[in-house]
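Asker: Below you'll find the structure I mean.
There are 2 protein chains.
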Amino acid sequence: MAEEKLPTRAEDFAEWYNQLVVRSDMADYAPVRGCMVVKPYGWALWENITSWLDAEFKKTGHVNAAFPTLIPLSFFEKEKEHVEGFAPELAVVTHGGGEELEEKLAVRPTSETIIGHMYAKWIKSWRDLPVLIVQWGSVLRWELRTKLFLRTAEFYWHEGHTAHASAEEAIEEMYRILDIYERFCLEEAAIPVIKGVKSETERFAGAHTTTSIEAMMWDKRALQSGTSHYFSTNFAKAFDIQFLNKENTLQYAETTSWAISSRIIGAMIMVHGDDQGLILPPRLAPIQAVIVPIFKSDAEKNKVMEVADRVFAELKAAGIRVKMDDRDNVSSGYKFNDWEMRGVPVRVEVGPKDVEKGSVALARRDRPGKEGKTFVSQTGLASTVAGLLTEIQASLLKRATEYRDANIHEPKDYEDLKRIVQDGWAFAYWCESRECETKVKEETKATTRNIPLNQPKGEGTCVVCGKPSKRKVYFAKAY
Amino acid sequence: MAEEKLPTRAEDFAEWYNQLVVRSDMADYAPVRGCMVVKPYGWALWENITSWLDAEFKKTGHVNAAFPTLIPLSFFEKEKEHVEGFAPELAVVTHGGGEELEEKLAVRPTSETIIGHMYAKWIKSWRDLPVLIVQWGSVLRWELRTKLFLRTAEFYWHEGHTAHASAEEAIEEMYRILDIYERFCLEEAAIPVIKGVKSETERFAGAHTTTSIEAMMWDKRALQSGTSHYFSTNFAKAFDIQFLNKENTLQYAETTSWAISSRIIGAMIMVHGDDQGLILPPRLAPIQAVIVPIFKSDAEKNKVMEVADRVFAELKAAGIRVKMDDRDNVSSGYKFNDWEMRGVPVRVEVGPKDVEKGSVALARRDRPGKEGKTFVSQTGLASTVAGLLTEIQASLLKRATEYRDANIHEPKDYEDLKRIVQDGWAFAYWCESRECETKVKEETKATTRNIPLNQPKGEGTCVVCGKPSKRKVYFAKAY
Chain A
3 MAEEKLPTRA
13 EDFAEWYNQL
23 VVRSDMADYA
33 PVRGCMVVKP
43 YGWALWENIT
53 SWLDAEFKKT
63 GHVNAAFPTL
73 IPLSFFEKEK
83 EHVEGFAPEL
93 AVVTHGGGEE
103 LEEKLAVRPT
113 SETIIGHMYA
123 KWIKSWRDLP
133 VLIVQWGSVL
143 RWELRTKLFL
153 RTAEFYWHEG
163 HTAHASAEEA
173 IEEMYRILDI
183 YERFCLEEAA
193 IPVIKGVKSE
203 TERFAGAHTT
213 TSIEAMMWDK
223 RALQSGTSHY
233 FSTNFAKAFD
243 IQFLNKENTL
253 QYAETTSWAI
263 SSRIIGAMIM
273 VHGDDQGLIL
283 PPRLAPIQAV
293 IVPIFKSDAE
303 KNKVMEVADR
313 VFAELKAAGI
323 RVKMDDRDNV
333 SSGYKFNDWE
343 MRGVPVRVEV
353 GPKDVEKGSV
363 ALARRDRPGK
373 EGKTFVSQTG
383 LASTVAGLLT
393 EIQASLLKRA
403 TEYRDANIHE
413 PKDYEDLKRI
423 VQDGWAFAYW
433 CESRECETKV
443 KEETKATTRN
453 IPLNQPKGEG
463 TCVVCGKPSK
473 RKVYFAKAY
Chain B
3 MAEEKLPTRA
13 EDFAEWYNQL
23 VVRSDMADYA
33 PVRGCMVVKP
43 YGWALWENIT
53 SWLDAEFKKT
63 GHVNAAFPTL
73 IPLSFFEKEK
83 EHVEGFAPEL
93 AVVTHGGGEE
103 LEEKLAVRPT
113 SETIIGHMYA
123 KWIKSWRDLP
133 VLIVQWGSVL
143 RWELRTKLFL
153 RTAEFYWHEG
163 HTAHASAEEA
173 IEEMYRILDI
183 YERFCLEEAA
193 IPVIKGVKSE
203 TERFAGAHTT
213 TSIEAMMWDK
223 RALQSGTSHY
233 FSTNFAKAFD
243 IQFLNKENTL
253 QYAETTSWAI
263 SSRIIGAMIM
273 VHGDDQGLIL
283 PPRLAPIQAV
293 IVPIFKSDAE
303 KNKVMEVADR
313 VFAELKAAGI
323 RVKMDDRDNV
333 SSGYKFNDWE
343 MRGVPVRVEV
353 GPKDVEKGSV
363 ALARRDRPGK
373 EGKTFVSQTG
383 LASTVAGLLT
393 EIQASLLKRA
403 TEYRDANIHE
413 PKDYEDLKRI
423 VQDGWAFAYW
433 CESRECETKV
443 KEETKATTRN
453 IPLNQPKGEG
463 TCVVCGKPSK
473 RKVYFAKAY
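Next up, the structure:
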């Protein structure tokens, strides 16, 4: 960790973010254009994210599989909208084994095409349905402007691909997954999200319906944090996924796909972080509590380390992800800053006075300085820390929810909308025409985020054109 | 599953393998040259393999991280032997985002180069060492002759990459990992392996020392099942990985790398499988026990399903990976064949007579037919099945070990060696010259597998040239 302070969020939010990702040891820039290296600390966080999601997918009947990284270019051309959406972003393999390839291959930007090809081979009868497969891995999109975690050429994700016998089942699956994504954000990432349907222009290339969860970052920009798509029979027709139904008639399958990517890590950083660094939600933090022993003399060291070691063993035995910082080449103050930068939820300080008093100091990361520091008994410390972690988790979600809600406004008119989206989200009736959406985008840079599933009763008039409108939408600038 | 029988192993081992991999639902051919799709059943097996290894690596202080899939071509040229070894196998990305790239990129065939580049940036002081990083993912090598799991263009693996302050520590790490690989094969895969050092010609491109574990397949060919390399300072010099040691002097780091890939699944198939299909070791099998309810009338069905459901719940509660086969469109005989093909270790049959008697039939996959079938009480069934799984696991290892040992011979002379390697392994003194090794390879197609760590006392004479020799080596035809 460098000694210099981070810029504050208010000074330069983009620079705060860029420095923080690297200095907190989450990720680094790779020597390949637009790519990142996810460092062990960042990957441990990603593993905690993926293991929760993987368990939920398995509970709901999904299984994992692996499809090739390389996809024949011709596959993309089978679905018209899909190729238009992805062709400009492809990285293309033209040579293999020293020879030019007859059929060029794309490094997968997403796998609907190759999975569709295999499903056509595997799915013959209604008895083969539903197929509920998830692939964990990375994909590559040739992005021009990149930002670690938020938008990198290669990124990490899962992609779910399911095939069903009816539209009802496929749509139900799309929403089942959206619910899992919402629960993940609320319960694990402590990020409040809004579930809704994307507008036609914001839809995934080739989808019939795209749903998303949208979150507000500290700078009040929106981040699309997960998507779940219903394809109707678009991909089934493009790849000839047909099955004999119970009436013994050939029928196209109804398919879905859905994903949460490593950009969710960027969301956690931008929702919870403060001017000292990261604040990681306890349920996902690779290190939930760090112990910093404090001493000057060797005599003090012996006494302090005895208690610190015991505390370490107790917390570990209680299932808390705990780390002992016994570095002897940096000061305690340096250690405090270092772990604050890395967002560890709880710091346990053990000093000579604590040894005498049978106490330790607990500092909670979400309330910096004296306000967040308490002295507690060594007795029952594991349950005290566990309780504090639960409290921090709830507190982060509450704070993020209040912040978001305070920054969503309902515009009186179009002029008001233009003002609101400069520093918040506008929630307004919209006629769902492309014209009004484009006008807002061109004049304010705000886009429609989603049409929330949870709608007020009644109807209204479009905030842009004044026509009668049935549903409200969120407008916001977005990452 | 098709109705046709597999060819027997004796009839056509290669065809037996190729059909079995597909018909057991482990993998399928991808529409990309030399690539495979690992289907859910195969991937569940791979997940059981990876979760054991991942836990062992973490216990020994390793952490996971992710480096880019694409590596600049120029990186390969920094280590002379490495580029010679890998250049002919690279898949090359020449275009990205619709434009020709200035710097061409390879889809990684292995990641020493890009990880070495990052280590040079991260490692500054002895305090930064050791670095013990593992990457899980896939790599791509443009192979000409491919075979599912055993040799595919893209395959799945972990690659460990470590950096140390001294040669001793790096060599210790190489052997620590080799021991973990051996334990994995013995305890989990039920495959006996021989740990040893590879000859100079069989070494990894750029390594100082390559160690391996070697296993014997049913056709008596050898399969290199895992490798662990010590690079000395070769890669550190190529990528400038230097650190200030405790004496404040700049020194090159000592590095290692190591891997087990998805070909280990091929090994399990070829070691344990029989003419009916797969036999999966219980500790790794995605399904450890399958329940087949047997009935004719609806009245029988009600009674049988009541018991079958209770048995299912009991086995599941005991932590056994159990599956209920309640398909109503295929016969019991079809189900038996199907689960035998897929290698499920234990079949639990519940029929009307079992309901009356309070029994079930247990059929163990490793002993087909009546010999492996017993009738046991429904009472305490979970512990009966758990015990049987343990017994099967031990029995598979014992059988494979006896088979291997019975097919390793010590040649009297060179003529004897030529005979032995046509249908077994030869274990003989070798002078360690490239000439003798090449002679054997050209005249018999057998290669040196490894010089085992466990050597007899004393010395001997080279089986090829008769010169005094210190160590014995295994010669065998290999995959």
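In order, the protein sequences belong to chains A and B.
If you're matching positions, the first sequence starts at 3 in this note's numbering and goes up one per residue.
If you're matching positions, the second sequence starts at 3 in this note's numbering and goes up one per residue.
The beta carbon of each residue, even a glycine, is placed where N, CA and C say it ideally should be.
1. At 3 residues or longer, what runs of the beta strand (DSSP E) sit wholly inside the segment 46 to 125 of chain B?
2. Do the CB positions of B:Gly208 and A:Trp144 come within less than 8 Å of each other?
3. Counting C-beta neighbours from all protein chains within 10 Å, is the total for B:Phe377 16 or more, i.e. buried, or is it exposed?
4. Pick out whichever of B:Leu246, B:Thr164 and B:Thr62 has its Cα sitting closest to the Cα of B:Thr115.
5. In or out: A:Pro458 buried (at least 16 other Cβ within 10 Å) or exposed?
6. Below 8 Å between beta carbons: does that hold for B:Arg323 and B:Ala363?
7. Can you check whether the C-beta of A:Asp14 is within less than 8 Å of a C-beta belonging to chain B?
8. Kindly list the residues whose CB is nearer than 7 Å to the CB of A:Glu77, restricted to its own chain and excluding five residues on each side of it in sequence; keep chain order.
9. Return the first residue and the last residue of the alpha helix (DSSP H) that B:Phe151 is part of.
10. Could you name the residues of the segment 78 to 98 of chain B whose beta carbon sits closer than 9 Å to any beta carbon of chain A, in the order they occur along the chain?
11. To be precise: take each residue of the segment 193 to 218 of chain A, compare its Cβ to all Cβ atoms of chain B, and keep it if any distance is under 7 Å. Which residues remain?
12. Thinking C-alpha only, which one of B:Asp327, B:Glu175 and B:Gly198 is nearest B:Phe429?
13. Who are the Cβ neighbours of B:Arg223 in its own chain at under 8 Å, not counting the five residues just before and after it?
14. Just confirm the distance between the C-beta atoms of A:Trp124 and A:Asn247, as a whole number of angstroms; I'd bet it's less than 8 Å.
15. Strictly under 8 Å for the Cβ-Cβ distance: is A:Lys41 near chain B by that measure?
16. Where does the unbroken beta strand (DSSP E) through B:Ser30 begin, and where does it stop?
17. Can you list the residues of chain A that B:Glu156 reaches, using a CB-CB cut of under 8 Å?
18. Can you tell which of B:Ala89, B:Pro70, B:Leu72 and B:Thr71 has the C-alpha that lies nearest to the C-alpha of B:Glu79?
19. Is A:Ile394 closer than 8 Å to A:Asp425 when the C-beta atoms are compared?
20. I believe B:Lys472 touches B:Glu461 by the beta-carbon criterion, under 8 Å. Please report the beta-carbon distance rounded to the nearest angstrom.
21. Specify the secondary structure class of B:Phe477 as computed by DSSP and reduced to three states.
22. For the segment 170 to 182 of chain A and the segment 379 to 389 of chain A, state whether three or more C-beta atom pairs, one from each stretch, are separated by less than 8 Å.
23. What residues of chain B sit near A:Asp130, judged by a beta carbon separation below 8 Å?
24. Looking at chain B, is there any beta carbon in it that lies within less than 8 Å of the beta carbon of A:Asn66?
25. Using 8 Å as the threshold, is the segment 31 to 43 of chain B in touch with the segment 309 to 318 of chain A, meaning 3 or more CB pairs across them?
26. Going along chain B in order, which residues have a C-beta closer than 8 Å to the C-beta of A:His231?
27. What's the C-alpha gap between B:Glu174 and B:Phe233?
28. Could you tell me which chain B residues have their CB closer than 8 Å to the CB of A:Ser140, listed as they occur along the chain?
29. Quick one: what does DSSP say B:His274 is sitting in, helix, strand or coil?
30. Does the distance from the C-beta atom of A:Leu282 to that of A:Met343 stay below 8 Å?
31. What's the call for B:Ala448, buried or exposed, on a 16-neighbour Cβ count within 10 Å?
32. Please classify A:Asn236 as buried or exposed, where buried requires at least 16 neighbouring CB atoms within 10 angstroms.
33. Of all the options A:Ala301, A:Ser227 and A:Tyr254, which has the alpha carbon lying nearest to the alpha carbon of A:Ile267?
34. Would you give the residue range spanned by the alpha helix (DSSP H) that B:Val309 belongs to?
35. If the cut is a Cβ gap below 7 Å, which residues of chain A does B:Trp45 touch?
36. Can you tell me where the alpha helix (DSSP H) holding A:Gly468 begins and where it ends?
Answerer: In this structure, then:
1. 72 to 74, 93 to 98 and 101 to 109
2. Against the second sequence, residue 208 of chain B aligns to sequence position 206. Against the first sequence, residue 144 of chain A aligns to sequence position 142. No. Outside cutoff.
3. As a working note, residue 377 of chain B is residue 375 in the second sequence. Exposed: under 16 other Cβ atoms inside 10 Å.
4. By 1-based counting over the second sequence, the position of residue 115 of chain B is 113. Among B:Leu246, B:Thr164 and B:Thr62, the Cα nearest to that of B:Thr115 belongs to B:Thr164.
5. Translated into the one-based positions of the first sequence, residue 458 of chain A becomes position 456. A:Pro458 should be labelled exposed.
6. Reading the second sequence from its first residue, position 321 is the one you call residue 323 of chain B. Reading the second sequence from its first residue, position 361 is the one you call residue 363 of chain B. No, the pair does not count as a contact, with Cβ atoms beyond the cut-off.
7. Mapped onto the first sequence, residue 14 of chain A falls at position 12. No, A:Asp14 lies away from the interface with chain B (no Cβ there is under 8 Å from its Cβ).
8. Taking the first residue of the first sequence as 1, we reach residue 77 of chain A at position 75. Sequence inspection shows Phe at residue 77 of chain A; the Glu mentioned does not correspond to that position. Same-chain partners within the cutoff: Thr115, Ile116 and His119.
9. Position 149 of the second sequence holds residue 151 of chain B. Unbroken run through B:Phe151: none, as it is neither H nor E.
10. Ala89, Pro90, Glu91, Leu92, Ala93, Val94, Val95, Thr96, His97 and Gly98
11. none
12. By 1-based counting over the second sequence, the position of residue 429 of chain B is 427. If we check each option's Cα against that of B:Phe429, B:Gly198 comes out closest.
13. The residue given as residue 223 of chain B occupies position 221 in the second sequence. Answer for B:Arg223: Ala478, Lys479, Ala480 and Tyr481, listed in chain order.
14. Along the first sequence, read from residue 1 onward, the residue named residue 124 of chain A stands at position 122. Along the first sequence, read from residue 1 onward, the residue named residue 247 of chain A stands at position 245. About 16 Å; that fails the 8 Å criterion.
15. Position 39 of the first sequence, counted from the first residue, corresponds to residue 41 of chain A. At least one chain B Cβ lies under 8 Å of A:Lys41.
16. On the second sequence, position 28 is the one that residue 30 of chain B refers to. It is Asp, not Ser, that sits at residue 30 of chain B in the sequence shown. B:Asp30 -> beta strand (DSSP E) spans Ala29 to Tyr31.
17. By 1-based counting over the second sequence, the position of residue 156 of chain B is 154. In chain order: Pro70, Thr71 and Leu72.
18. Stepping through the second sequence from its first residue, residue 79 of chain B is reached at position 77. With distances taken between Cα atoms, B:Glu79 lies closest to B:Ala89.
19. For the purposes of this step, residue 425 of chain A is taken as the residue at position 423 of the first sequence. For the purposes of this step, residue 394 of chain A is taken as the residue at position 392 of the first sequence. For A:Asp425 and A:Ile394, no; Cβs fall outside 8 Å.
20. Translated into the one-based positions of the second sequence, residue 472 of chain B becomes position 470. Translated into the one-based positions of the second sequence, residue 461 of chain B becomes position 459. Contact flag correct, Cβ pair sits at about 5 Å.
21. On the second sequence, residue 477 of chain B is found 475 positions in, with the first residue counted as 1. The answer is strand: DSSP assigns B:Phe477 an E or B state.
22. no
23. Here the question's residue 130 of chain A lines up with position 128 in the first sequence. Residues of chain B passing the Cβ test: none, with the nearest at roughly 12 Å.
24. What you label residue 66 of chain A is simply residue 64 of the first sequence in a count that begins at 1. Chain B contact via Cβ: present.
25. no
26. Position 229 of the first sequence, counted from the first residue, corresponds to residue 231 of chain A. Near A:His231 there are no residues of chain B at all, since even the closest Cβ is about 21 Å away, more than 8 Å.
27. Working through the second sequence from its first residue, we reach residue 174 of chain B at position 172. Working through the second sequence from its first residue, we reach residue 233 of chain B at position 231. About 13 Å.
28. The count along the first sequence starts at 1 and reaches residue 140 of chain A at position 138. Near A:Ser140 (Cβ distances below 8 Å), the residues of chain B are Ala68, Thr71 and Gly139.
29. Locating residue 274 of chain B in the second sequence gives position 272, counting from the first residue. Here B:His274 sits in helix by DSSP.
30. Residue numbering aside, residue 282 of chain A sits at position 280 when the first sequence is read from its first letter. Residue numbering aside, residue 343 of chain A sits at position 341 when the first sequence is read from its first letter. No; because the gap between Cβ atoms is not below 8 Å, this pair is not in contact.
31. As a position in the second sequence, residue 448 of chain B is number 446, starting the count at 1. When all chains shown are included, B:Ala448 counts as buried.
32. As a first step, residue 236 of chain A must be located in the first sequence, where it is residue number 234. With 16 or more other Cβ atoms within 10 Å, it is buried.
33. Along the first sequence, one-based indexing puts residue 267 of chain A at 265. Cα-wise, what sits closest to A:Ile267 is A:Ser227.
34. Here residue 309 of chain B corresponds to residue number 307 of the second sequence, with the count starting at 1. That run of the alpha helix (DSSP H) goes Asp300 to Ala319.
35. For this step, residue 45 of chain B is matched to residue 43 along the second sequence. Result: Asn66, Ala67 and Ala68.
36. As a position in the first sequence, residue 468 of chain A is number 466, starting the count at 1. First-last for A:Gly468: undefined, no H or E at that position.
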